[in-house]
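**Q** Taking UniProt numbering, the leading residue of the sequence shown gets 1, the next gets one more, and so forth. Take this structure, written in structure tokens, and hold onto it; I'll ask about it next.
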Amino acid sequence: MFFCFFIPTISHPDPVIVQAADFEEKGHEGEIFSSTQYLAGRIMIKQIFGRLPRKPSKSGESHELAGSSDPSSNTSINSRNSDLMSNKLVSSNSTTPPGLDFAPNSGYSYGSKIPQVANPKLNGNPVTGPYEALPGFRDVPSSEKQSLFIRKLNLCCVVFDFTDPTKNLKEKDIKRQTLLELVDYVTSANGKFTETVMLEAIKMVSVNLFRSFTPQPRENKVLEAFDLEEEEPSMDPAWPHLQIVYEFLLRFVASPETDAKLAKRYIDHSFVLKLLDLFDSEDPREREYLKTILHRIYGKFMVHRPFIRKAINNIFFNFIFETEKHNGIAELLEVLGSIINGFALPLKEEHKLFLVRALIPLHKPRCLPMYHQQLSYCITQFVEKDCKLSDTVIRGLLKYWPITNSSKEVMFLSELEEVLEATQAAEFQRCMVPLFRQIARCLSSSHFQVMSPLKFDLNLLQLTRPIFLS
């Protein structure tokens with residue numbers, strides 16, 4: 001099955017809402033630190049980290065998220081998404097969309113009746129009547145298109161069982177074709193959607209998308225986090241329908257014909273929470289769609305922004321301190337990375353609290369490798385916006401520094417290098433003593449991945465000796 005991954009760009013100066021508390025920056029008085037010592041220290045640090053092994057990076061994707069300053073603009077989706085919007089899903093009257101194995105000329109026309117539907121459900125109740133195809137939008141006058149659109153939405157509220165691939169094949173194809181027609185209608189709409197249309201559209205999306213996942217044992221998930229290369233992602237068998245429903249929701253939210261002031265009554269807090277719950281899906285294709293849609297909702301519905309940030313914050317808290325199990329932490333961090341990039345200066349105390357209480361503690365879980373790249377990007381964004389936070393970040397890294405996990409320690413060293421690149425002399429002075437103590441412990445490590453990058457000339461140690469003595 002073919003599918004596309006895409007990452008939109010979104011950035012907007014808006015605060016992160018977390019629990020209120022005072023943020024104090026702790027300094028160290030009485031420490032003497034000259035510019036010569038600072039430069040020598042920086043030279044030593046660059047020598048150290050210059051020898052770290054580099055992994056192939058996906059940072060281009062992560063950094064791409066922060067490329068736009070207008071999250072609500074319809075041009076904020078990148079070229080990959082543009083290709084998806086123009087090529088992947090088209091109406092049933094066009095050629096077969098890539099990745100969607102539906103044949104438009106399947107012989108199902110208006111009025112053709114399908115035998116009794118076996119196991120599908122409508123709003124949780126079994127469907128007992130025939131599943132009948134509706135006419136195409138081109139076959140009715142313009143005055144009847146909205147009514148037909150609502151009828152097609154109701155038809156797609158029937159959910160089929162995909163656990164048995166041999167059941168209801170004709171009915172599934174009818175629904176698939178109808179979903180494609182709905183996507184095409186939303187894309188080409190030239191009039192504002194009414195409240196009735198919005199209500200029916202969100203109802204159809206909710207019926208198809210919102211569902212519970214079978215939890216995987218926590219112990220197994222944690223162990224698999226350290227063997228990501230060999231782990232096979234779990235694919236949802238209902239994806240042939242889910243994909244088109246997600247595409248419908250994406251285009252509905254992004255459409256200029258969707259009035260945010262009206263749509264916020266239906267894309268409300270309850271809808272957002274259920275959408276965030278879906279980030280725990282084990283299907284990476286679903287999480288990619290969710291990431292894009294959450295970007296669009298955040299950009300279009302300004303009234304929901306504080307709630308979205310707080311809800312994500314709560315997911316992080318539950319993950320860090322309760323379960324240590326969640327499949328969508330990396331995707332949520334990508335969304336936050338673009339939001340952080342758009343924070344206005346000077347940073348508000350709520351922003352700093354979010355860094356201290358949520359982002360830095362995310363270094364604690366054992367499954368850090370699953371999302372470290374995205375987390376490191378978020379942390380670096382904070383330091384680049386306010387260099388005074390580097391002392392807080394470095395001390396936070398030292399607090400959660402791994403003792404027995406060498407592969408995780410290499411990740412910390414790599415992140416530390418990025419943070420030090422944006423660190424100024426005053427902040428470096430405050431944290432240099434515990435920092436170099438940790439580096440000294442790394443030098444004595446018996447693990448080659450930790451020890452080898454830190455083996456440098458003794459002459460460099462002599463040059464930086466005043467830093468340790470100051």
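Note that beta-carbon positions come from the ideal geometry of N, C-alpha and C, so glycine has one too.
(1) Does the stretch 363-372 come close enough to the stretch 338-354 that 3 or more CB-CB pairs lie under 8 angstroms?
(2) Skipping 5 residues on each side, what residues in its chain have a beta carbon closer than 8 angstroms to that of residue 401?
(3) So, residue 353 versus residue 245, is the Cβ gap smaller than 8 angstroms?
(4) Select from 256, 283, 276 the residue whose C-alpha is nearest the C-alpha of residue 242.
(5) Compare the Cα-Cα distances from residue 193 to each of 418, 130, 266, 272 and report the closest residue.
(6) Alpha carbon to alpha carbon, what distance is there between residue 415 and residue 134?
(7) Cα separation between residue 247 and residue 268?
(8) Looking at the strands, I want to know which residues DSSP matches up with residue 247.
(9) If you reduce the DSSP assignment to three classes, tell me which class residue 158 lands in.
(10) Quick check: the Cα distance between residue 298 and residue 441, rounded to an integer number of angstroms?
(11) Looking at the structure shown, is residue 257 part of a helix, part of a strand, or coil, going by DSSP?
(12) How close, in whole Å, do the beta carbons of residue 327 and residue 280 come, if the pair is a contact with beta carbons under 8 angstroms?
(13) What span of residues does the alpha helix (DSSP H) with residue 318 cover, start to end?
(14) Taking the straight line between their C-alpha atoms, what separation do you get for residue 183 and residue 201?
(15) In whole angstroms, give me the CA-to-CA distance for residue 148 and residue 181.
(16) Looking only at its own chain, which residues have a Cβ that is under 6 angstroms from the Cβ of residue 294, when we skip the five neighbours before and after it?
(17) Determine the DSSP secondary structure at residue 282, reduced to helix, strand or coil.
(18) Here's the rule: buried if 16 or more other CB atoms are within 10 angstroms of the residue's CB, otherwise exposed. What is residue 143?
(19) For residue 320, which of 359, 287, 291 has the nearest alpha-carbon?
(20) Once you ignore the five residues that flank residue 145 on each side, which residues in its own chain have a CB closer than 6 angstroms to its CB?
(21) Can you give me the C-alpha to C-alpha distance between residue 212 and residue 237, rounded to a whole angstrom?
(22) Quick one, are the C-beta atoms of residue 287 and residue 331 less than 8 angstroms apart?
(23) Within the 8 angstroms Cβ cut-off, does residue 316 reach chain D?
(24) Is the separation between the beta-carbon of residue 427 and that of residue 378 shorter than 8 angstroms?
(25) Tell me whether residue 232 sits in a helix, a strand or coil according to DSSP, three-state version.
(26) Please state if the CB of residue 260 and the CB of residue 301 are separated by a distance shorter than 8 angstroms.
(27) Please work out which residues of its chain come closer than 7 angstroms, Cβ to Cβ, to residue 303, disregarding the five sequence neighbours upstream and downstream, and give them in chain order.
(28) When the Cα atoms are used, what is the spatial distance from residue 424 to residue 346?
(29) Ends of the alpha helix (DSSP H) at residue 277?
(30) Among 165, 278, 189, 205, which residue has its Cα nearest to the Cα of residue 155?
(31) Start and end of the alpha helix (DSSP H) containing residue 377?
(32) State the beta-bridge partners of residue 334 as determined by DSSP.
(33) Which residue from 329, 405, 210, 235 puts its Cα closest to that of residue 274?
(34) If you measure between the beta carbons of residue 172 and residue 160, is that distance less than 8 angstroms?
(35) Go through the stretch 136-198 residue by residue and report every complete run of the alpha helix (DSSP H) that reaches 4 residues or more, in order.
**A** Here's the rundown:
(1) Contact between the stretch 338-354 and the stretch 363-372 is absent, because fewer than three Cβ pairs lie under 8 angstroms.
(2) Position 401 of the sequence shown holds residue 401. Excluding the 5 residues flanking it on each side, residue 401 has same chain C-beta neighbours closer than 8 angstroms at 409, 412, 438, in chain order.
(3) The residue given as residue 353 occupies position 353 in the sequence shown. The residue given as residue 245 occupies position 245 in the sequence shown. No, the Cβ-Cβ distance between residue 353 and residue 245 is not below 8 angstroms.
(4) For the purposes of this step, residue 242 is identified with residue 242 of the sequence shown, where counting begins at 1. Ranking 256, 283, 276 by Cα distance to residue 242 puts 283 first.
(5) On the sequence shown, position 193 is the one that residue 193 refers to. Answer by Cα proximity: 266.
(6) Counted from its first residue, the sequence shown places residue 134 at position 134. Counted from its first residue, the sequence shown places residue 415 at position 415. A direct Cα-to-Cα measurement between residue 134 and residue 415 gives close to 56 angstroms.
(7) As a working note, residue 247 is residue 247 in the sequence shown. As a working note, residue 268 is residue 268 in the sequence shown. Rounded to the nearest angstrom, the gap between the Cα atoms of residue 247 and residue 268 is 19 angstroms.
(8) Here residue 247 refers to the residue found at position 247 of the sequence shown. Bridge pairing for residue 247: absent [DSSP].
(9) Looking up residue 158 in the sequence shown gives position 158. Strand at residue 158.
(10) Along the sequence shown, read from residue 1 onward, the residue named residue 298 stands at position 298. Along the sequence shown, read from residue 1 onward, the residue named residue 441 stands at position 441. Rounded to whole angstroms, residue 298 to residue 441 spans 44 angstroms at the Cα level.
(11) The sequence position of residue 257 within the sequence shown is 257, counting from 1. Note: residue 257 maps to coil in three-state DSSP.
(12) Position 327 of the sequence shown, counted from the start, is the residue given in the question as residue 327. Position 280 of the sequence shown, counted from the start, is the residue given in the question as residue 280. Between residue 327 and residue 280 a beta carbon distance of about 5 angstroms is seen, short of the 8 angstroms cut, so the two are scored as contacting.
(13) Here residue 318 refers to the residue found at position 318 when the sequence shown is read from its first residue. Counting along the chain, the alpha helix (DSSP H) containing residue 318 begins and ends at 305-318.
(14) Here residue 183 corresponds to residue number 183 of the sequence shown, with the count starting at 1. Here residue 201 corresponds to residue number 201 of the sequence shown, with the count starting at 1. Rounded to the nearest angstrom, the two C-alpha atoms are 11 angstroms apart.
(15) Counted from its first residue, the sequence shown places residue 148 at position 148. Counted from its first residue, the sequence shown places residue 181 at position 181. Inter-residue distance for residue 148 and residue 181 is about 11 angstroms (C-alpha atoms, whole angstroms).
(16) If you number the sequence shown from 1, residue 294 lands on position 294. So the qualifying residues of the chain are 335.
(17) As a working note, residue 282 is residue 282 in the sequence shown. DSSP, reduced to helix, strand and coil, places residue 282 outside both helices and strands of the structure shown, so it counts as coil.
(18) Here residue 143 refers to the residue found at position 143 of the sequence shown. So residue 143 counts as exposed.
(19) The count along the sequence shown starts at 1 and reaches residue 320 at position 320. Of the listed residues, the one whose Cα sits closest to residue 320 is 359.
(20) Numbered from 1 along the sequence shown, position 145 holds the residue referred to as residue 145. If we look at residue 145 and ignore the five residues flanking it on each side, its Cβ neighbours are 137.
(21) Residue mapping note: residue 212 aligns to position 212 of the sequence shown, counting from 1. Residue mapping note: residue 237 aligns to position 237 of the sequence shown, counting from 1. Spanning the two alpha carbons is a distance of roughly 15 angstroms.
(22) Position 287 of the sequence shown, counting from 1, holds the residue named residue 287. Position 331 of the sequence shown, counting from 1, holds the residue named residue 331. Yes, they are a contact pair.
(23) In the structure shown, chain D cannot be found, because there is only a single protein chain.
(24) By 1-based counting over the sequence shown, the position of residue 427 is 427. By 1-based counting over the sequence shown, the position of residue 378 is 378. Against a cut-off of 8 angstroms, the Cβ pair of residue 378 and residue 427 comes out as no contact.
(25) Locating residue 232 in the sequence shown gives position 232, counting from the first residue. Residue 232 falls in the coil class under three-state DSSP.
(26) As a first step, residue 301 must be located in the sequence shown, where it is residue number 301. As a first step, residue 260 must be located in the sequence shown, where it is residue number 260. It is a contact, given that the beta carbons lie within the stated cut-off.
(27) Taking the first residue of the sequence shown as 1, we reach residue 303 at position 303. Non-local C-beta neighbours of residue 303 in its own chain, meaning closer than 7 angstroms and more than five positions away in sequence, comprise 264, ordered along the chain.
(28) The sequence position of residue 424 within the sequence shown is 424, counting from 1. The sequence position of residue 346 within the sequence shown is 346, counting from 1. The straight-line gap from Cα to Cα measures roughly 17 angstroms.
(29) Taking the first residue of the sequence shown as 1, we reach residue 277 at position 277. Unbroken alpha helix (DSSP H) run through residue 277: 269-277.
(30) Taking the sequence shown and counting its residues from 1, one reaches residue 155 at position 155. Checked all of 165, 278, 189, 205; the closest Cα to residue 155 is 205.
(31) The count along the sequence shown starts at 1 and reaches residue 377 at position 377. 372-385 is the span of the alpha helix (DSSP H), which, as asked, contains residue 377.
(32) Reading the sequence shown from its first residue, position 334 is the one you call residue 334. DSSP, once it has assigned bridges, lists no residue as partnering residue 334.
(33) Position 274 of the sequence shown, counting from 1, holds the residue named residue 274. Measuring C-alpha to C-alpha distances from residue 274 to each of 329, 405, 210, 235 identifies 210 as the nearest.
(34) What you label residue 172 is simply residue 172 of the sequence shown in a count that begins at 1. What you label residue 160 is simply residue 160 of the sequence shown in a count that begins at 1. Yes. Within cutoff.
(35) Secondary structure within the stretch 136-198: the alpha helix (DSSP H) runs of 4 or more consecutive residues, fully enclosed, are 145-155, 169-188 (chain order).
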